[in-house]
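Following: one structure in structure tokens, then a few remarks.
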Amino acid sequence: MKVLLVGINTRYIHKNLAIDTLFNYSQGKYNHELRRLESSIHEPIDKLFQKIVEVKSQVICFSTYIWNKEIILKLAESIKRILPNTAIVLGGPEISKDYLSYEYIDHLLVGEGELIFDEFLKNNCTGLQLIENKDIYIDLDKLPFPYELDCLEHKIVYYEGSRGCPFKCSYCLSGEDNVLRLKSPKHIKEEIKALLDAGVNQVKFVDRTFNAHPKWALEVAKTLLQFADYKCNFHFEVSIDKVSSELIDFFQLAPVGLFQLEVGIQSTNYKTLEAVGRLNNFNKIKEHCKDLIKEGNIHVHTDIIAGLPLEDLQSFQQSFNNVYQIYGHIFQVGFLKVIPNTRLKREGDKWGIVYRSYPPYEVLETADLSVSDLFKIKYVEEGVDVFYNTAYFRQTFLYLKNKIDNFFIFFEKLGELYFHREDQLGIEEKFEFLMKFIKNNCANIDTHELLSIMTIDWHLNHRHKKEPLFLLDAQLQMKPLLAYKDEIQKYGISKDRLKWLKIIKLPFEYVIIGTDGVIGRKENTFYLLDYEKKQTIYGYPEMNLIEEKLLVE
8 MKVLLVGINT RYIHKNLAID TLFNYSQGKY NHELRRLESS IHEPIDKLFQ
58 KIVEVKSQVI CFSTYIWNKE IILKLAESIK RILPNTAIVL GGPEISKDYL
108 SYEYIDHLLV GEGELIFDEF LKNNCTGLQL IENKDIYIDL DKLPFPYELD
158 CLEHKIVYYE GSRGCPFKCS YCLSGEDNVL RLKSPKHIKE EIKALLDAGV
208 NQVKFVDRTF NAHPKWALEV AKTLLQFADY KCNFHFEVSI DKVSSELIDF
258 FQLAPVGLFQ LEVGIQSTNY KTLEAVGRLN NFNKIKEHCK DLIKEGNIHV
308 HTDIIAGLPL EDLQSFQQSF NNVYQIYGHI FQVGFLKVIP NTRLKREGDK
358 WGIVYRSYPP YEVLETADLS VSDLFKIKYV EEGVDVFYNT AYFRQTFLYL
408 KNKIDNFFIF FEKLGELYFH REDQLGIEEK FEFLMKFIKN NCANIDTHEL
458 LSIMTIDWHL NHRHKKEPLF LLDAQLQMKP LLAYKDEIQK YGISKDRLKW
508 LKIIKLPFEY VIIGTDGVIG RKENTFYLLD YEKKQTIYGY PEMNLIEEKL
558 LVE
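Heads up, the numbering used here is the position in the sequence shown plus 7, with the first residue counted as 1.
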């Protein structure tokens, strides 16, 4: 019997861990021919439908998630209309008994995927409509390697170091599976090496909380350090207030860009965190994040969620401002998703949560947050995503950090103004848009300083492009620097490296210390930007204060 496993991913460069794991676990068993088909939610559904039908399978299994449910149901219905004898099977974290109401779905697989799928194949793809086993767990070290290595170059791959989560967040599916299972660091090392040798760009650990077992997390991180010479990085989700001091110390000494940490803070309102089972220590979160960020070697991504119980607009504004002060490299303003099979789904009426009936089940209003309040937060999200969550304005926002009292209001106004534009802005236009907005909306801003800081941002991100006319003309052209041969040699600069250099002139001394922008009053300082020597996770050129005698007057 021919069995087709279908994975519909969010992006083409992603790989589907689920179908690859199932394929390799059950391939060659029970006289079935297993096939795989991967696609993206961006592929036209008609094209995907044709690809699936042309395989001519007797059984079609879909890996179902919140982002692909709608597409899968449309495909399943169409397939059943023309191939009524083909069995349609759904599995994955999105699956619940509610799917039994769809007449074109034949089987639902719920539980530890490899075991359930293997049992389904063993029974010749027949049996109960709902095949469920939530209490039997597999030894993760016994799982076969999931990926075909010859098609992974430049891909982002998902990797499972553990399953389950000891925490009980009411909005998360992992809160329903509190049995933590760990893959051995030795096994992880072998599989990661195979992925890196195949040329992957990034390995994203899908572990719900990487540091749930502190000793294991430290051992795995040390194992991954051995692969620092590969052009790849590793992404984890962590509960950072519970990260051990040993792991914090280790991360601080890691090579630049090797590790990325996603820190789910969600709220700083104690009653809200208590209601959703997510209590944390925000002071420790802030301390650990700042310790990592100031070293400039770890990418720190912070998250908060709008729409949680007992959090009104004023409380969310406070949560936003608290988390913003961490100054993470990415700040994700998310909106509550009321996911099936979670405790929050069961308790939704208790909190007055109204949400969309279709994926991703996003909140529309709550007893504490009106729809107009959520629109304001949408403006904040727009402002943060377009301007903060890029490398282009990092120094500008550092400069503003201690000059603005309420960044929620700042980003709400910025996002609203940008949201209602009918055209898309290029990067030059965004520089001008942000500059004008700051000048018009922020008191106590020295315009000369602002333009100079934005000029730094421009040159940190543009090696060849001259700054736009609306920015301060701070760049001082070098006549050529060969005229200053002795001085150049003093700085260890060879002639063939001049193409990598640029000099900018500022009306003050500019220093960045950790996550705070510090400005000293020193007239006419000059900085050498070396684009061959990259620093920080943004890949900025090295920037050094130099002596004025090097420069053309």
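Where is the CB? At the ideal position from N, CA and C, for every residue including glycine.
Length of the line joining the Cα atoms of L441 and N328: On the sequence shown, position 434 is the one that residue 441 refers to. On the sequence shown, position 321 is the one that residue 328 refers to. Cα to Cα, the separation comes out at about 20 Å.
May I have the straight-line CA-CA distance separating R18 from E45, to the nearest angstrom? Working through the sequence shown from its first residue, we reach residue 18 at position 11. Working through the sequence shown from its first residue, we reach residue 45 at position 38. A straight line joining the alpha-carbon of R18 with that of E45 spans about 11 Å.
Name, in chain order, the residues that DSSP records as bridge partners for T561. There is simply no residue 561 to check, as the chain begins at 8 and stops at 560 in what is shown.
Using CA atoms only, rank isn't needed, just tell me which of K437, F438 and A450 is closest to D412. Along the sequence shown, one-based indexing puts residue 412 at 405. Of K437, F438 and A450, the residue nearest in Cα terms is A450.
Tell me whether the segment 59-76 and the segment 93-107 touch, counting them as touching only if at least three CB pairs, one residue from each stretch, are closer than 8 Å. The answer is yes - the segment 93-107 touches the segment 59-76, with three or more Cβ pairs under 8 Å.
Rounded to whole angstroms, how far is the Cβ of F533 from the Cβ of K512, which I believe are closer than 8 Å? Within the sequence shown, residue 533 is the residue found at index 526, counting from 1. Within the sequence shown, residue 512 is the residue found at index 505, counting from 1. In this structure F533 touches K512 by the C-beta definition: roughly 5 Å separates them, less than 8 Å.
Throw me the rounded Cβ distance for the G264 and I300 pair, which I believe falls under 8 Å. Position 257 of the sequence shown, counting from 1, holds the residue named residue 264. Position 293 of the sequence shown, counting from 1, holds the residue named residue 300. With a Cβ gap of about 13 Å, G264 and I300 do not count as contacting.
For S103, which residues from the same chain have a beta carbon less than 6 Å from its beta carbon, with the 5 sequence-adjacent residues on both sides left out? On the sequence shown, residue 103 is found 96 positions in, with the first residue counted as 1. Here the set comprises P347 and N348.
Quick one: is N16 buried, meaning 16 or more other Cβ sit within 10 Å of its Cβ, or exposed? For the purposes of this step, residue 16 is taken as residue 9 along the sequence shown, with counting starting at 1. It counts as buried.
Any idea what DSSP makes of M550, helix, strand or coil? Residue 550 sits at position 543 when you count from the first residue of the sequence shown. Correct three-state label for M550: strand.
Exposure of L24, with buried meaning 16 or more beta-carbon neighbours within 10 Å: Counted from its first residue, the sequence shown places residue 24 at position 17. Classification for L24: buried.
Cβ contact (3+ pairs, closer than 8 Å) linking the segment 373-385 and the segment 193-209: The segment 373-385 vs the segment 193-209: no contact.
Spatial neighbours of R188 within its chain, please: CB distance less than 7 Å, with the 5 preceding and 5 following residues excluded, ordered by chain position. Translated into the one-based positions of the sequence shown, residue 188 becomes position 181. Counting only Cβ-Cβ distances below 7 Å, and skipping sequence neighbours, we find Y144, L147, S169, R170 and G171.
Rounded to a whole number of angstroms, what is the C-alpha to C-alpha distance between L467 and E549? Position 460 of the sequence shown, counting from 1, holds the residue named residue 467. Position 542 of the sequence shown, counting from 1, holds the residue named residue 549. Each residue's alpha carbon lies about 9 Å from the other.
Cβ shell of Y331 (< 6 Å), same chain only, five flanking positions each side left out: In the sequence shown, the residue the question calls residue 331 occupies position 324. Cβ neighbours of Y331 beyond the five flanking positions: F414.
If you run the structure through DSSP and keep just helix, strand and coil, what is H466? Counting from one through the sequence shown, the residue named residue 466 turns up at place 459. Note: H466 maps to helix in three-state DSSP.
Keeping to the same chain, check which residues put their C-beta closer than 6 Å to that of Q339; ignore five residues upstream and five downstream. Numbered from its first residue, the sequence shown carries residue 339 at position 332. The beta carbon of Q339 sits closer than 6 Å to the beta carbons of D310 from its chain, once the five residues preceding and following it are set aside; these are given in chain order.
Name the residue from K446, W465 and E226 whose alpha carbon lies nearest to the alpha carbon of S191. As a first step, residue 191 is located in the sequence shown; it is residue number 184 there, counting from the start. Measuring from the Cα of S191, the nearest candidate turns out to be E226.
Quick check on DSSP: helix, strand or coil for E45? For the purposes of this step, residue 45 is taken as residue 38 along the sequence shown, with counting starting at 1. Strand, per DSSP.
Keeping to the same chain, check which residues put their C-beta closer than 8 Å to that of L90; ignore five residues upstream and five downstream. Against the sequence shown, residue 90 aligns to sequence position 83. Spatial neighbours of L90 in its own chain (CB-CB distance under 8 Å, excluding positions within 5 residues in sequence) are listed in chain order as V60.
Inter-residue spacing [alpha-carbon to alpha-carbon] between G355 and K175: In the sequence shown, the residue the question calls residue 355 occupies position 348. In the sequence shown, the residue the question calls residue 175 occupies position 168. Computed Cα separation, rounded: 16 Å.
Could you pull out every unbroken alpha helix (DSSP H) segment of at least 4 residues lying fully inside the segment 389-466, listed in chain order? Listed in chain order, the alpha helix (DSSP H) runs fully inside the segment 389-466 are 401-407, 414-426 and 434-448, counting runs of at least 4 residues.
Looking at the unbroken beta strand (DSSP E) that takes in G98, where does it start and where does it end? As a first step, residue 98 is located in the sequence shown; it is residue number 91 there, counting from the start. Looking at the DSSP string, the run of the beta strand (DSSP E) that includes G98 is A94 to G98.
Presumed contact (8 Å Cβ cut-off) between L29 and E155, rounded CB distance: Mapped onto the sequence shown, residue 29 falls at position 22. Mapped onto the sequence shown, residue 155 falls at position 148. 14 Å between Cβ atoms; not a contact.
When the Cα atoms are used, what is the spatial distance from S322 to Y277? Here residue 322 corresponds to residue number 315 of the sequence shown, with the count starting at 1. Here residue 277 corresponds to residue number 270 of the sequence shown, with the count starting at 1. C-alpha separation (whole angstroms): 10 Å.
Out of curiosity, what's the CA-to-CA distance linking D503 and H427? As a first step, residue 503 must be located in the sequence shown, where it is residue number 496. As a first step, residue 427 must be located in the sequence shown, where it is residue number 420. If I take the Cα positions, the gap works out to 48 Å.
Contacts around P180, its chain only, beta-carbon distance under 8 Å, and the 5 residues preceding and following it disregarded: Indexing the sequence shown from 1 puts residue 180 at position 173. A small correction: the amino acid at residue 180 is Leu; Pro does not occupy that position in the sequence shown. Excluding positions up to five away in sequence, the list reads P100, I346, N348 and T349.
Start and end of the beta strand (DSSP E) containing F243? For this step, residue 243 is matched to residue 236 along the sequence shown. Element bounds for F243: N240 to V245.
So who's on the other strand from G14, going by DSSP bridges? Your numbering for residue 14 matches position 7 in the sequence shown. According to DSSP, G14 bridges with E45 and S70.
Assuming F56 and L82 are in contact, meaning their beta carbons sit under 8 Å apart, how far apart are those beta carbons, in whole angstroms? Your numbering for residue 56 matches position 49 in the sequence shown. Your numbering for residue 82 matches position 75 in the sequence shown. In this structure F56 is in contact with L82, their Cβ atoms being roughly 6 Å apart against a cut-off of 8 Å.
Helix, strand or coil at F212 according to DSSP, with G and I counted as helix: Indexing the sequence shown from 1 puts residue 212 at position 205. DSSP places F212 in strand when its eight states are reduced to three.
Environment of Y362 [buried if 16+ CB atoms lie within 10 Å]: As a position in the sequence shown, residue 362 is number 355, starting the count at 1. Buried.
Pull up the DSSP beta-bridge partners for Q537, would you. Stepping through the sequence shown from its first residue, residue 537 is reached at position 530. Sequence check: residue 537 is Asp here, not Gln. BP columns for D537 point to L508 and E549.
Short Cβ contact (9 Å threshold) for L260 with H242: Stepping through the sequence shown from its first residue, residue 260 is reached at position 253. Stepping through the sequence shown from its first residue, residue 242 is reached at position 235. For L260 and H242, no; Cβs fall outside 9 Å.
Option in I544, D27, N448 and A313 with minimal Cα separation from T397: Working through the sequence shown from its first residue, we reach residue 397 at position 390. When each option's Cα is compared against that of T397, the closest is I544.
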